[in-house]
Structure formats: C-alpha cells, structure tokens
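Q:
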Amino acid sequence: MSDEKSLEELIPEAPKAAEVETPEPATPEEIAAAEKLLQEASLAKIRGLTDVARRLLDQAKDEAPGSAAVQSAFGDDLFERGQYTKARQAYLIAHKLEPENAHYETKYAESILGAEADLDVIFNRGNIED
Numbered sequence: 079m080s081d082e083k084s085l086e087e088l089i090p091e092a093p094k095a096a097e098v099e100t101p102e103p104a105t106p107e108e109i110a111a112a113e114k115l116l117q118e119a120s121l122a123k124i125r126g127l128t129d130v131a132r133r134l135l136d137q138a139k140d141e142a143p144g145s146a147a148v149q150s151a152f153g154d155d156l157f158e159r160g161q162y163t164k165a166r167q168a169y170l171i172a173h174k175l176e177p178e179n180a181h182y183e184t185k186y187a188e189s190i191l192g193a194e195a196d197l198d199v200i201f202n203r204g205n206i207e208d
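In the numbering used here, each residue carries its 1-based index in the sequence shown increased by 78.
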C-alpha cells in the first residue's frame, strides 16, 4: 500500500458557488472609487512597492466588495502568493457578480490548475529538470 496521495486528495476542494457569499453589487460611485485604488495599486506593484499595493487592494475591497473587478484583482494578488483556495473564492465571487464575463470564470479555472501545477513541481511530477 502506497503512502503517496493523489492530486485530488492534495488539492483543497474548490469553493462551491452556493457556499460562497456574494456581496451586493457595487454602486457606480463605489466602483469609481475602487477603480482609482486599483490603478494606484497597479502602479505601486510596478514600482516594487508590494506592501503598498496590497494595502491599496484591501482598501479597494473595503470600498467596493461587490465589484467584480476588485474581486478579480484581489484574486490575482492571492494567486500570485500561492493562496489558491482564497484566490478561487475571489474569482468565484467575481464570476457570480458578472456571470456573463467569461474572463472571471477562466481565472477561476486557472486558479484550480495553478494549484495542480504547483503540486506537480513540489512532488517533481512534471517535466522539470533538476
């Protein structure tokens, strides 16, 4: 009997749509304020000010939690940090807020595949040379 676990056992369950609480859609005013914060966060990130960028993302999420763009940007940050379960949840919320936007559904799927790819690297299951 092998102690090796399958990917299905190693990858956390993806959040189910019914299990994720979706905030009320953001107002146009909230969206405008949050978009400004997202732009500032993007600029801070480009300048290498990661902590500032994350603080601005948090402010944008506080300002407009019901903005799909904010949830997606928050998911991107989480995904980059390898927090795939939290990123999946943010992408799922974005998709629920704007179900006609296939981009958010694609990001949700990529967050699942990202977790699988990282596990392949960790367990040297991919075609990665040492």
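Just so you know, even glycine gets a beta-carbon here, dropped at the ideal spot from N, CA and C.
To the nearest angstrom, how far is the alpha carbon of Ala165 from that of Leu135?
A: Rounded to the nearest angstrom, the two C-alpha atoms are 13 angstroms apart.
Q: In this structure, does DSSP put Ser150 in helix, strand or coil?
A: In this structure, Ser150 counts as helix in the three-state DSSP scheme.
Q: DSSP state of Thr128, grouped into three classes?
A: Helix, per DSSP.
Q: List the endpoints of the continuous alpha helix (DSSP H) containing Thr163.
A: Thr163 -> alpha helix (DSSP H) spans 162-175.
Q: How about Gly192 and Phe152: do their beta carbons lie closer than 8 angstroms?
A: Contact: no.
Q: Taking the straight line between their C-alpha atoms, what separation do you get for Glu113 and Ile171?
A: If I take the Cα positions, the gap works out to 17 angstroms.
Q: Give a yes or no on whether the C-beta atoms belonging to Ala138 and Val130 are separated by under 8 angstroms.
A: Not closer than 8 angstroms, so no.
Q: Identify whether Gly144 lies in helix, strand or coil by the three-state DSSP scheme.
A: In this structure, Gly144 counts as coil in the three-state DSSP scheme.
Q: So the candidates are Ile124, Pro143, Arg133, Glu97; which of them puts its Cα closest to the Cα of Ala110?
A: Checking every option, the nearest Cα to that of Ala110 belongs to Pro143.
Q: If you draw a straight line from the alpha carbon of Arg132 to that of Ala180, how long is it in whole angstroms?
A: One C-alpha to the other measures close to 25 angstroms.
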